[in-house]
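A short worksheet on the structure shown next.
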Amino acid sequence: MAGALFEHLQQRARVLSIERLVVEASHFAMSFFAKNGFQVVRENDAERHGQLLRNWTMERLLPD
575 MAGALFEHLQ QRARVLSIER LVVEASHFAM SFFAKNGFQV VRENDAERHG
625 QLLRNWTMER LLPD
């Protein structure tokens, strides 16, 4: 299901002339995005209610 949704998103982005997709991925989602051509841009840490939350900003350039 995630693959089909991602494919639809890519097609829509191309129609709209979007050149780059950006996501803030959790530890569990990182592998999905990496398999789909995303690269890690940076690691993000935030504290909420005494808990450390970590995610990664990832991006993918879309071909013309």
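Here the sequence shown stands for residues 575 to 638, numbered as in this note's numbering. Here a beta-carbon is modelled for each residue, glycine too, at the ideal position from N, C-alpha and C. A quick note: this is a predicted structure, and the numbers were derived from the prediction, not measured.
Phe612: buried (16+ other C-beta within 10 angstroms of its C-beta) or exposed? buried
Note the first and the last residue of the continuous beta strand (DSSP E) segment covering Met632. 625–635
Classify Leu583 as helix, strand or coil using the three-state DSSP reduction. helix
For Trp590, which residues in the same chain have their Cβ closer than 7 Å to its Cβ, ignoring the five residues on either side in sequence? With the sequence shown as reference, residue 590 is identified as Leu, and Trp is not the correct amino acid for it. Answer for Leu590: no residue qualifies.
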